[in-house]
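Residue numbering for the sequence shown follows this note's numbering, starting at 3 and increasing by one per position. Built from N, CA and C at the ideal position, the CB exists for glycine as well.
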Amino acid sequence: MGRGGPVGPPRPTNQSKGKSGDAAVRHTEGNVELRLTAAQVTVPVVLGLALATGLLQLGLRWTADPMTAAELRDCAYAAGAGVVGALVLPRLRGARLTPEYLAAFTAFGQRERRIPWANVLGIDVHRTAGVRSVSVRLVTGECLTLAAPMSFLDRRFDARVTELTDWWESNRR
């Protein structure tokens with residue numbers, strides 16, 4: 003997928019953000035970290051909470067005990083707290099690219115799995131429910147889906163996949 007040949011790792015910088023200044027790509031000391039943006043985390047939480055509150059209100063309306071305005075306000079406060087929590091909690095990291103290995107993060111970014119580039123057979127993009135994500139095929143036959151990059155609310159998804167592929171192509175030997 004790399005166009006124009008492999009591109010080496012970026013020049014070391016000190017905590018600079020990606021080319022467009024976004025928080026989804028962070029270049030640090032010769033490494034690149036791919037993570038979800040705030041919108042990619044918050045929008046599903048907001049939509050899920052709105053849907054759950056609406057379904058609860060609809061279900062209670064069919065019974066003889068509909069929600070009062072105070073109860074509906076309390077649900078809105080709880081939904082707001084969920085949104086704030088999603089913004090405050092550390093964002094899910096998808097991968098860190100180093101010259102030696104690909105670090106894939108699991109368990110909400112707390113566990114790191116280091117995969118040497120030589121053990122990566124390929125990088126694939128697949129679509130699920132209209133959202134594209136990246137899978138890494140390993141020499142063991144395992145297929146690992148990365149949490150980021152993900153195309154949901156990310157206009158630079160293709161550029162991020164190209165960067166990931168270029169890292170693999172330039173470091174797999």
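Nearest neighbour of TRP119 by Cα position, chosen from TRP170, LEU38, PRO46, turns out to be TRP170. When the Cα atoms are used, LEU38 and ASP160 turn out to be separated by approximately 14 angstroms.
Separation of GLU144 and ALA150 (C-alpha to C-alpha, rounded to the nearest whole angstrom) is 18 angstroms.
From the listed residues THR147, ARG129, LEU62, the smallest Cα separation to ALA97 is found for THR147. The beta carbon of ARG116 sits closer than 7 angstroms to the beta carbons of TYR103, ALA105 from its chain, once the five residues preceding and following it are set aside; these are given in chain order. Here LEU155 carries a coil assignment [DSSP, helix/strand/coil].
For ARG115, the enclosing beta strand (DSSP E) stretches over residues 113 to 118. In this structure, DSSP gives ASP76 a helical state, which the three-state scheme calls helix. Only residues of its own chain outside the window of five on either side were considered, and among them SER137 have a CB closer than 6 angstroms to the CB of ASP126, listed in chain order.
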